[in-house]
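Notes follow the structure.
Residue numbers (our numbering), protein chains in the order written: chain A, 2 to 301; chain B, 11 to 347; chain C, 67 to 597.
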């Protein structure tokens with residue numbers, strides 16, 4: 002019997018994925034976003050091979066060299082050099098790794114902690130549910146950036162601590178979403194029948210209910226991926242993000258702030274790449290929502 | 011309705027206590043203390059340092075400091091700033107109008123442009139307008155806020171010279187606060203050009219702070235509208251031969267409003283958070299900048315008091331949204347939360 | 067905007083005509099931050115002093131603007147007893163405190179005001195001392211409480227300070243912001259009305275400007291003090307328009323929204339010079355930026371290692387990158403503008419080979435792991451500590467020293483470096499009074515090891531002996547000789563890598579004349595005129 006179920010699930014899963022893909026690729030924006038992110042991912046993976054120079058090597062004879070498309074630029078440094086004479090292109094290439102790093106770590110924390118707390122809240126109800134949800138209310142009552150700022154001040158300024166602080170401010174959204182989804186799933190027939198068949202609570206939570214809650218969570222995670230990159234940049238701007246000489250884009254943007262008038266490209270390049278990355282991920286998120294949410298599908 | 015309200019209010023009590031604890035703990039476990047920050051590069055003799063720690067009560071155990079603080083709080087006293095020596099509440103309410111003024115302008119800007127644009131996009135689904143609006147709004151949503159704000163300054167103030175660079179009003183106008191809202195006060199002052207100056211100072215911060223809510227509203231109202239347009243009663247209305255305009259505006263709009271109200275409510279937190287960056291860049295004398303400065307100075311009473319006041323406001327706004335929600339859609343009242 | 071500014075200047079000028087004899091106009095200064103309060107004794111920040119001591123208050127003595135020369139303030143003359151333990155000030159007669167809408171003085175300044183101004187900082191029973199929880203950071207930091215034994219009113223216009231021991235820079239100290247003279251009469255009226263906090267919120271001084279209003283974090287407004295005892299302000303109104311971002315400040319100047327601004331971005335200096343209508347004024351600052359080695363850590367106990375690291379640092383590159391070229395490389399712990407500066411000192415030249423050799427001599431040929439602490443704040447002596455740290459990090463890597471850059475939030479940074487947790491730490495100092503003692507003893511003296519100023523945690527007996535010798539005599543020649551010797555010991559022992567002395571800049575509108583850049587970092591406006 003279990004084989005039949007598995008096979009059935011397999012083909013259902015396959016149908017779901019291919020249906021999702023058909024829907025997804027119809028959204029041209031999402032497709033462009035996916036292409037950009039894929040290229041960026043390749044760049045991130047092969048950064049040490051692709052980067053012409055080390056991201057931290059200082060070429061002190063070439064300070065603040067403009068990029069190639071501005072007069073005075075040189076083919077040796079296509080994106081120019083920063084105030085310390087480091088190659089901007091190499092820094093951007095290596096920096097792409099940090100963007101993925103930030104995004105993945107933050108959503109990893111959010112998904113694991115958010116799902117566990119959300120499911121526990123939905124399944125226990127009563128006292129524990131109340132405690133969890135009030136704690137989430139408290140976190141949500143503080144403006145996210147202010148909260149993150151205070152947290153980084155406590156933990157000490159570093160990229161890792163900034164990511165933890167950002168994750169903390171996002172977790173309540175995941176908890177609420179998981180709980181709401183789980184509650185609506187819990188009312189459905191298949192859950193009660195599993196229950197009568199004597200399935201354990203953990204099994205119910207993770208095997209029966211969770212997979213059916215995943216769609217909105219994945220969309221939320223995608224959106225959080227992009228906000229995490231933006232928030233890390235904002236913390237960097239307030240001096241609470243990655244520390245030198247890390248070539249993290251947000252910090253590069255914040256560090257070149259004093260050159261906004263004299264050498265504007267120093268801010269333009271990382272700014273533009275953050276924008277493009279975040280935009281691409283948001284476009285993908287949009288496409289995924291269309292593909293995963295049947296209600297939205299009908300509107301397209 | 012009354013029991014719905016009561017239930018909502020009861021839930022707030024533990025949340026509020028939690029907020030005071032969180033605010034207190036936050037600032038007290040942040041390393042560093044205000045005494046050393048004041049002493050700066052020079053430092054202090056060790057015995058004087060111990061003496062000051064005692065005078066400020068920092069040598070007490072944390073739980074005792076918290077209980078003292080809570081006791082003060084229950085008497086409505088948020089304490090005095092270590093730095094300026096002024097009551098936290100006074101400083102808060104001196105600066106809060108500036109933040110409100112900016113937030114309201116940003117919100118209005120976002121609503122007035124975002125919602126109609128979103129609705130129009132929904133009605134003209136698939137058109138060039140729809141596509142470009144959606145792309146633009148997503149771009150606005152993806153912009154690093156401080157970068158965007160600096161770009162606005164460099165372009166509009168630096169390059170074009172159209173708008174003033176920062177602050178709430180030209181430094182040459184000086185009149186007493188009446189309401190604390192510069193637009194109103196400048197108008198009441200009767201000084202020539204004051205209102206114009208105040209209004210022109212608002213343009214860039216409003217644009218910077220309003221961009222993200224604008225993008226959210228446009229997208230939200232578009233999808234809400236699409237959903238409503240697909241529902242049966244609209245189809246019926248169309249079939250009945252009602253004018254397309256009437257169908258869209260009267261029937262569609264009202265029903266699309268519910269999710270939009272929620273988003274507006276949620277935006278208050280976003281606006282207060284965004285105010286931190288916007289106020290820092292535009293030298294806008296509001297509570298966002300005040301909080302950041304105070305965190306850096308370890309001004310405990312200000313950070314604690316400020317966090318509690320801000321959190322209270324956010325909670326109140328959410329409560330109001332919940333109530334509005336209940337009024338617009340009676341079904342929710344029964345469901346609870 | 068420009069038109070607006072001119073129109074308003076005229077309007078404001080004509081409104082003030084009734085109270086002042088000449089129409090000097092309004093000067094708008096785009097200041098870099100909000101003052102913490104208006105009582106200079108309570109704070110240490112230059113921003114606060116600009117808004118209080120430098121505009122509204124006088125000391126017994128003042129610094130002549132643009133120099134570190136001590137000139138009479140509200141005291142006409144002073145005298146030091148032969149044993150150096152008694153300091154007597156003769157006060158000027160007819161000095162008036164400000165008349166404002168919140169206070170009208172009934173008497174001129176006298177000895178009581180002087181005694182009140184100092185007493186409240188050391189007498190624990192004084193209500194203003196209690197209000198501040200006893201915190202007077204400058205007074206405490208300089209250990210004035212133990213230096214001043216008593217302050218005696220000889221007559222209405224004569225005050226005598228009785229000291230515990232002679233201290234040569236004491237007169238210069240009296241020109242510092244914390245020694246501003248407050249009105250005892252005003253203070254008494256505040257005690258009576260219970261509004262003690264007003265001393266800090268609604269200041270009354272004797273200075274060239276008086277307080278009109280402060281809008282928190284936005285603007286401060288002052289008016290010329292028509293009753294000033296000296297040569298009064300030549301402008302009618304002074305406005306501080308608070309603008310925290312340096313690029314934004316420059317934009318405001320370009321747009322004609324302000325006449326002057328402090329602390330321009332080093333990166334914008336070329337641009338500022340090229341801007342029509344703006345003059346970039348400059349003066350060598352009385353400051354030093356340094357990297358202190360924690361001499362208590364095993365790796366840095368040996369002077370050879372410290373010397374080796376000094377030779378490995380390319381200071382010219384730091385000057386170029388961090389200061390955009392606008393600084394001079396430092397070889398002594400005191401800046402060249404201070405007397406007793408020893409120009410014969412030979413600096414540790416940038417020489418990687420020599421550095422390697424010295425390191426090998428010290429038995430550390432393979433290098434070692436260490437850290438560089440970089441301050442999170444901008445200071446005139448170090449506008450970008452993170453960049454500076456990155457440069458030093460790359461330099462040291464060449465001799466096998468692997469340094470990690472560490473930074474904390476400012477309060478934490480000060481606390482931990484005071485406790486000696488660092489290996490090496492970037493910091494600096496801007497002089498308070500133009501005396502070498504204010505650099506050498508505050509930053510390198512043995513006592514400062516405990517108070518925190520001495521981040522190298524370096525206590526050298528010979529060096530300390532020279533400092534003490536110079537402290538106890540008032541003879542300038544003897545003091546100079548002692549300080550020159552001290553500088554030589556410092557150079558040989560190398561507790562610091564001296565990095566740079568920065569130049570202080572002040573972009574100012576061409577409409578403004580008479581401004582002088584203060585080497586001590588203050589901003590003064592009573593000498594300026596607007597065309």
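Where is the CB? At the ideal position from N, CA and C, for every residue including glycine.
Give me the DSSP bridge partner(s) of residue 562 of chain C. For this step, residue 562 of chain C is matched to residue 496 along the third chain. DSSP, once it has assigned bridges, lists C:358 as partnering residue 562 of chain C.
Can you tell me where the alpha helix (DSSP H) holding residue 288 of chain C begins and where it ends? The residue given as residue 288 of chain C occupies position 222 in the third chain. That residue, residue 288 of chain C, is in no alpha helix (DSSP H); its beta strand (DSSP E) goes 285-290.
Considering only DSSP beta bridges, list what residue 492 of chain C is partnered with. Looking up residue 492 of chain C in the third chain gives position 426. In the DSSP output, where bridge partners are listed per residue, residue 492 of chain C has C:357.
Is it the case that the Cβ atoms of residue 279 of chain C and residue 287 of chain C are separated by a distance below 8 Å? The residue given as residue 279 of chain C occupies position 213 in the third chain. The residue given as residue 287 of chain C occupies position 221 in the third chain. For the pair residue 279 of chain C and residue 287 of chain C, the CB atoms are nearer than the 8 Å cut-off.
Which of helix, strand or coil DSSP assigns to residue 344 of chain C: Within the third chain, the letter at position 278 stands for residue 344 of chain C. Residue 344 of chain C: strand per DSSP, three-state reduction.
Would you call the region 15-26 of chain B and the region 484-493 of chain C in contact, with 3 or more CB pairs under 8 Å? Touching, no, given that fewer than three Cβ pairs across the two stretches are closer than 8 Å.
Beta carbon of residue 496 of chain C, beta carbon of residue 352 of chain C: below 8 Å? Taking the third chain and counting its residues from 1, one reaches residue 496 of chain C at position 430. Taking the third chain and counting its residues from 1, one reaches residue 352 of chain C at position 286. In this structure, residue 496 of chain C places its C-beta atom within 8 Å of the C-beta atom of residue 352 of chain C.
Excluding the five sequence neighbours on either side, which residues of its own chain have a C-beta within less than 6 Å of the C-beta of residue 76 of chain C, listed in chain order? Working through the third chain from its first residue, we reach residue 76 of chain C at position 10. For residue 76 of chain C, the predicted model reports a pLDDT of 39, less than 50, meaning its position is unreliable and no value from the coordinates is stated.
Distance, residue 181 of chain B Cα to residue 578 of chain C Cα: Reading the third chain from its first residue, position 512 is the one you call residue 578 of chain C. Reading the second chain from its first residue, position 171 is the one you call residue 181 of chain B. Looking at the two C-alpha atoms, the distance is approximately 17 Å.
Of the residues C:187, C:421, C:217 and C:532, the one placed nearest residue 466 of chain C, counting alpha carbons only: As a working note, residue 466 of chain C is residue 400 in the third chain. Nearest Cα to residue 466 of chain C within the set C:187, C:421, C:217 and C:532: C:421.
Under 8 Å between C-beta atoms, does residue 95 of chain B make it to chain C? If you number the second chain from 1, residue 95 of chain B lands on position 85. Yes, contact with chain C.
Verify the contact flag: residue 61 of chain A, CB atom, against every heavy atom of the ligand NAD, threshold strictly below 7 Å. With respect to small molecules bound, the structure shown includes none, and the ligand NAD cannot be examined in it.
Whether or not the region 159-176 of chain A and the region 253-260 of chain A are in contact is what I'm after, with contact meaning three or more pairs of Cβ atoms, one per stretch, closer than 8 Å; do they touch? By the Cβ rule, the region 253-260 of chain A does not count as touching the region 159-176 of chain A, because fewer than three pairs are nearer than 8 Å.
Output the boundary residues of the beta strand (DSSP E) element that contains residue 95 of chain C. Locating residue 95 of chain C in the third chain gives position 29, where the first residue counts as 1. 92-95 is the span of the beta strand (DSSP E), which, as asked, contains residue 95 of chain C.
DSSP-derived helix/strand/coil call for residue 331 of chain C: By 1-based counting over the third chain, the position of residue 331 of chain C is 265. If DSSP states are grouped into helix, strand and coil, residue 331 of chain C belongs with coil.
Go ahead and pull the three-state DSSP assignment for residue 135 of chain C. In the third chain, counting from the first residue as 1, residue 135 of chain C sits at position 69. In the displayed model, residue 135 of chain C falls within coil according to three-state DSSP, outside both helix and strand.
Mind checking which residues open and close the beta strand (DSSP E) that includes residue 262 of chain C? Taking the third chain and counting its residues from 1, one reaches residue 262 of chain C at position 196. Annotation: residue 262 of chain C is outside any beta strand (DSSP E) and is labelled neither H nor E by DSSP.
Using beta-carbon positions only, say whether residue 539 of chain C and residue 141 of chain C come within less than 8 Å of one another. Sequence index remark: in the third chain, residue 539 of chain C carries index 473 (1-based). Sequence index remark: in the third chain, residue 141 of chain C carries index 75 (1-based). Contact: no.
Step through the CB atoms of chain A and report whether any lies within less than 8 Å of the CB of residue 489 of chain C. Numbered from its first residue, the third chain carries residue 489 of chain C at position 423. Closer than 8 Å to the CB of residue 489 of chain C there is not a single CB belonging to chain A.
Short Cβ contact (8 Å threshold) for residue 169 of chain A with residue 140 of chain A: Position 168 of the first chain, counted from the first residue, corresponds to residue 169 of chain A. Position 139 of the first chain, counted from the first residue, corresponds to residue 140 of chain A. Judged by their CB atoms, residue 169 of chain A and residue 140 of chain A are nearer to each other than the 8 Å cut-off.
Run the CB neighbour count on residue 545 of chain C, radius 10 Å, all protein chains shown included, and call it buried at 16 or more, exposed below. For the purposes of this step, residue 545 of chain C is taken as residue 479 along the third chain, with counting starting at 1. With 16 or more Cβ atoms within 10 Å of its Cβ, residue 545 of chain C is classed as buried.
Checking 8 Å against the spacing of the C-beta atoms, do residue 522 of chain C and residue 361 of chain C come in under that value? Locating residue 522 of chain C in the third chain gives position 456, where the first residue counts as 1. Locating residue 361 of chain C in the third chain gives position 295, where the first residue counts as 1. Cβ atoms of residue 522 of chain C and residue 361 of chain C: closer than 8 Å.
Sequence-distant residues of its chain with Cβ nearer than 7 Å to residue 195 of chain B (five each side left out): Numbered from 1 along the second chain, position 185 holds the residue referred to as residue 195 of chain B. Answer for residue 195 of chain B: 185, 187, 188 and 189, listed in chain order.
Could you name the residues of the region 303-319 of chain B whose beta carbon sits closer than 7 Å to any beta carbon of chain D, in the order they occur along the chain? Among the protein chains in the structure shown, which are A, B and C, there is no chain D.
Chain C within 8 Å of residue 112 of chain A, Cβ atoms only: Sequence index remark: in the first chain, residue 112 of chain A carries index 111 (1-based). Proximity of residue 112 of chain A to chain C, defined by a Cβ-Cβ separation below 8 Å, is not satisfied.
Using 8 Å as the threshold, is the region 126-140 of chain B in touch with the region 235-243 of chain B, meaning 3 or more CB pairs across them? Note that the region 126-140 of chain B touches the region 235-243 of chain B; at least 3 beta-carbon pairs, one per stretch, sit closer than 8 Å.
In terms of residues, what are the limits of the alpha helix (DSSP H) holding residue 30 of chain B? In the second chain, residue 30 of chain B corresponds to position 20, counting from 1. Segment 12-39, the alpha helix (DSSP H) holding residue 30 of chain B.
Look at residue 518 of chain C and residue 54 of chain B and say whether their C-beta atoms are less than 8 Å apart. As a working note, residue 518 of chain C is residue 452 in the third chain. As a working note, residue 54 of chain B is residue 44 in the second chain. Inclusion of residue 518 of chain C and residue 54 of chain B in the CB contact set at 8 Å is warranted, their separation being smaller than that value.
Look at the alpha carbon of residue 238 of chain A and the alpha carbon of residue 166 of chain A, and state the distance between them as a whole number of angstroms. Here residue 238 of chain A refers to the residue found at position 237 when the first chain is read from its first residue. Here residue 166 of chain A refers to the residue found at position 165 when the first chain is read from its first residue. Residue 238 of chain A and residue 166 of chain A have their alpha carbons spaced roughly 15 Å apart.
To the nearest whole angstrom, what separates the beta carbons of residue 144 of chain A and residue 320 of chain B, a pair I think is in contact under 8 Å? By 1-based counting over the first chain, the position of residue 144 of chain A is 143. By 1-based counting over the second chain, the position of residue 320 of chain B is 310. Contact flag correct, Cβ pair sits at about 7 Å.
Mapping DSSP to helix, strand and coil, what is residue 252 of chain C? Position 186 of the third chain, counting from 1, holds the residue named residue 252 of chain C. Three-state result, residue 252 of chain C: helix.
According to DSSP, what are the bridge partners of residue 128 of chain C? Against the third chain, residue 128 of chain C aligns to sequence position 62. BP columns for residue 128 of chain C point to C:137.
Cβ closer than 9 Å: which chain C residues qualify as neighbours of residue 66 of chain B? Residue 66 of chain B sits at position 56 when you count from the first residue of the second chain. The CB of residue 66 of chain B comes closer than 9 Å to the CB of 199 and 201 in chain C, given here in chain order.
Just checking: is the beta-carbon of residue 164 of chain B within a distance shorter than 8 Å of some beta-carbon in chain A? Residue mapping note: residue 164 of chain B aligns to position 154 of the second chain, counting from 1. The C-beta of residue 164 of chain B comes closer than 8 Å to at least one C-beta of chain A.
Could one say the Cβ of residue 88 of chain C lies closer than 8 Å to chain A's Cβ atoms, at least one of them? Residue numbering aside, residue 88 of chain C sits at position 22 when the third chain is read from its first letter. The predicted model places residue 88 of chain C with a pLDDT of 38, which falls under 50 and marks its position as unreliable; any figure quoted below should be read in that light. No, because no Cβ of chain A sits closer than 8 Å to the Cβ of residue 88 of chain C.
Can you say whether residue 168 of chain B is buried or exposed, counting buried as having 16 or more other CB atoms within 10 angstroms of its CB? On the second chain, residue 168 of chain B is found 158 positions in, with the first residue counted as 1. With 16 or more other CB atoms across the displayed protein chains lying within 10 angstroms of its CB, residue 168 of chain B is buried.
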